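Letter by letter, the sequence shown follows residues 5 to 137 of this note's numbering. Only one structure is covered here, and it is reproduced in the block below.
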Amino acid sequence: MLDNINFLLIREIVSSVLIIMGVIFMLISSIGLLRFPDFYIRMSAITKGATLGLGLILTGMGIYFNEPDMLLKVLLIIGFTFLTSPVAAHVIGRTAVRNKIPFWGPTDLEEFKDYLRKEHSNHRDHERDNKHL
(Lines of atoms letter the chains of each structure in order from A; the text may use other names.)
(Lines give C-alpha, C1' and ligand atoms only; values in the text may rest on other atoms or scores of the structure.)
Protein backbone atom coordinates (compact mmCIF):
# COMPACT_ATOMS: atom_id res chain seq x y z
CA MET A 5 0.00 0.00 0.00
CA LEU A 6 2.82 2.42 0.76
CA ASP A 7 4.48 1.53 -2.54
CA ASN A 8 2.00 3.61 -4.55
CA ILE A 9 2.35 6.81 -2.50
CA ASN A 10 4.45 9.61 -3.98
CA PHE A 11 6.06 11.13 -0.86
CA LEU A 12 7.77 13.87 -2.86
CA LEU A 13 4.39 15.11 -4.08
CA ILE A 14 2.92 15.01 -0.56
CA ARG A 15 5.94 16.92 0.79
CA GLU A 16 5.58 19.55 -1.92
CA ILE A 17 1.84 19.94 -1.29
CA VAL A 18 2.26 20.27 2.49
CA SER A 19 5.12 22.76 2.16
CA SER A 20 3.21 24.77 -0.45
CA VAL A 21 0.13 24.96 1.77
CA LEU A 22 2.22 26.13 4.74
CA ILE A 23 4.05 28.74 2.67
CA ILE A 24 0.80 30.06 1.18
CA MET A 25 -0.77 30.24 4.65
CA GLY A 26 2.27 32.19 5.87
CA VAL A 27 2.03 34.62 2.98
CA ILE A 28 -1.69 35.10 3.69
CA PHE A 29 -0.96 35.87 7.36
CA MET A 30 1.69 38.39 6.35
CA LEU A 31 -0.68 39.96 3.81
CA ILE A 32 -3.42 40.28 6.42
CA SER A 33 -1.01 41.84 8.90
CA SER A 34 0.16 44.29 6.23
CA ILE A 35 -3.42 45.27 5.53
CA GLY A 36 -3.93 45.71 9.28
CA LEU A 37 -0.89 47.97 9.37
CA LEU A 38 -2.53 50.20 6.79
CA ARG A 39 -6.11 50.05 8.05
CA PHE A 40 -6.05 50.06 11.87
CA PRO A 41 -6.60 53.42 13.55
CA ASP A 42 -3.75 53.85 16.04
CA PHE A 43 -0.15 52.94 16.64
CA TYR A 44 -0.77 50.30 19.31
CA ILE A 45 -3.30 48.27 17.34
CA ARG A 46 -1.14 48.48 14.22
CA MET A 47 1.89 47.28 16.12
CA SER A 48 -0.07 44.36 17.57
CA ALA A 49 -1.34 43.32 14.15
CA ILE A 50 2.02 43.48 12.42
CA THR A 51 3.86 41.71 15.25
CA LYS A 52 1.46 38.78 15.54
CA GLY A 53 0.77 38.36 11.84
CA ALA A 54 4.37 38.66 10.69
CA THR A 55 5.66 36.32 13.40
CA LEU A 56 3.11 33.63 12.61
CA GLY A 57 3.52 34.16 8.86
CA LEU A 58 7.29 33.84 9.09
CA GLY A 59 6.94 30.71 11.21
CA LEU A 60 4.64 29.09 8.67
CA ILE A 61 6.84 30.05 5.71
CA LEU A 62 9.97 28.73 7.38
CA THR A 63 8.20 25.52 8.42
CA GLY A 64 7.13 25.01 4.82
CA MET A 65 10.71 25.55 3.68
CA GLY A 66 12.00 23.09 6.25
CA ILE A 67 9.56 20.44 5.07
CA TYR A 68 10.30 21.10 1.40
CA PHE A 69 14.09 20.79 1.66
CA ASN A 70 13.85 17.77 4.01
CA GLU A 71 17.40 17.98 5.34
CA PRO A 72 18.30 17.73 9.03
CA ASP A 73 20.66 20.72 9.02
CA MET A 74 18.05 22.85 7.22
CA LEU A 75 15.38 21.80 9.72
CA LEU A 76 17.68 22.74 12.60
CA LYS A 77 18.32 26.17 11.09
CA VAL A 78 14.61 26.72 10.51
CA LEU A 79 13.74 25.73 14.09
CA LEU A 80 16.43 28.05 15.48
CA ILE A 81 15.19 30.97 13.39
CA ILE A 82 11.57 30.32 14.39
CA GLY A 83 12.51 30.04 18.06
CA PHE A 84 14.58 33.21 17.96
CA THR A 85 11.80 35.10 16.19
CA PHE A 86 9.13 33.86 18.59
CA LEU A 87 11.25 34.98 21.54
CA THR A 88 12.40 38.37 20.27
CA SER A 89 9.39 39.69 18.37
CA PRO A 90 7.00 39.98 21.35
CA VAL A 91 9.75 41.47 23.53
CA ALA A 92 10.59 44.06 20.90
CA ALA A 93 6.90 44.93 20.45
CA HIS A 94 6.52 45.33 24.22
CA VAL A 95 9.53 47.66 24.42
CA ILE A 96 8.30 49.74 21.49
CA GLY A 97 4.79 49.93 22.97
CA ARG A 98 6.10 50.95 26.36
CA THR A 99 8.27 53.63 24.77
CA ALA A 100 5.22 54.89 22.89
CA VAL A 101 3.28 55.12 26.18
CA ARG A 102 6.16 57.03 27.79
CA ASN A 103 6.24 59.42 24.84
CA LYS A 104 2.46 59.86 25.18
CA ILE A 105 1.53 58.60 21.75
CA PRO A 106 -2.27 58.95 21.79
CA PHE A 107 -4.60 55.98 21.90
CA TRP A 108 -7.55 55.58 19.58
CA GLY A 109 -10.61 57.40 20.94
CA PRO A 110 -12.87 54.39 21.62
CA THR A 111 -10.08 52.50 23.42
CA ASP A 112 -11.18 51.62 26.95
CA LEU A 113 -8.37 52.73 29.26
CA GLU A 114 -10.10 52.22 32.64
CA GLU A 115 -7.87 49.35 33.72
CA PHE A 116 -4.82 51.10 32.29
CA LYS A 117 -5.18 54.51 33.96
CA ASP A 118 -3.35 53.63 37.19
CA TYR A 119 -0.44 52.28 35.17
CA LEU A 120 -0.39 55.39 32.98
CA ARG A 121 -0.31 57.70 35.99
CA LYS A 122 2.48 55.70 37.60
CA GLU A 123 4.45 55.41 34.37
CA HIS A 124 4.23 59.11 33.54
CA SER A 125 5.17 60.17 37.07
CA ASN A 126 8.19 57.81 37.02
CA HIS A 127 9.17 59.14 33.61
CA ARG A 128 8.95 62.76 34.86
CA ASP A 129 11.04 61.86 37.91
CA HIS A 130 13.65 60.22 35.68
CA GLU A 131 13.80 63.29 33.39
CA ARG A 132 14.13 65.59 36.40
CA ASP A 133 16.97 63.51 37.83
CA ASN A 134 18.82 63.52 34.51
CA LYS A 135 18.61 67.32 34.17
CA HIS A 136 20.90 67.73 37.17
CA LEU A 137 23.70 65.90 35.36
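Note that beta-carbon positions come from the ideal geometry of N, C-alpha and C, so glycine has one too. The structure displayed is predicted, hence computed values, not measured ones.
Check: Counting C-beta neighbours from all protein chains within 10 Å, is the total for Phe29 16 or more, i.e. buried, or is it exposed?; Outcome: buried
Check: What three-state label does DSSP hand Glu115 in the structure shown?; Outcome: coil
Check: Which of the three DSSP states is assigned to Asp42 in this structure?; Outcome: coil
Check: Under three-state DSSP, which class holds Phe107?; Outcome: coil
Check: Helix, strand or coil for Asn70, going by three-state DSSP, please let me know.; Outcome: coil
Check: Which term fits Tyr44, buried or exposed, when burial requires 16 or more other beta carbons within 10 angstroms of its beta carbon?; Outcome: buried
Check: Could you tell me the alpha carbon to alpha carbon distance between Leu6 and Ile14, rounded to whole angstroms?; Outcome: 13 Å
Check: Expressed to the nearest angstrom, what Euclidean distance is found between the alpha-carbon atoms of Ser48 and Ala93?; Outcome: 8 Å
Check: Determine the direct distance from the alpha carbon of Gly64 to that of Ser20, and round the result to whole angstroms.; Outcome: 7 Å
Check: Could you tell me whether the stretch 93-108 touches the stretch 58-73, where touching means 3 or more Cβ pairs closer than 8 Å?; Outcome: no
Check: Nearest-angstrom Cα distance between Thr55 and Val18?; Outcome: 20 Å
Check: Are the beta-carbon atoms of Tyr68 and Glu114 separated by less than 9 Å?; Outcome: no
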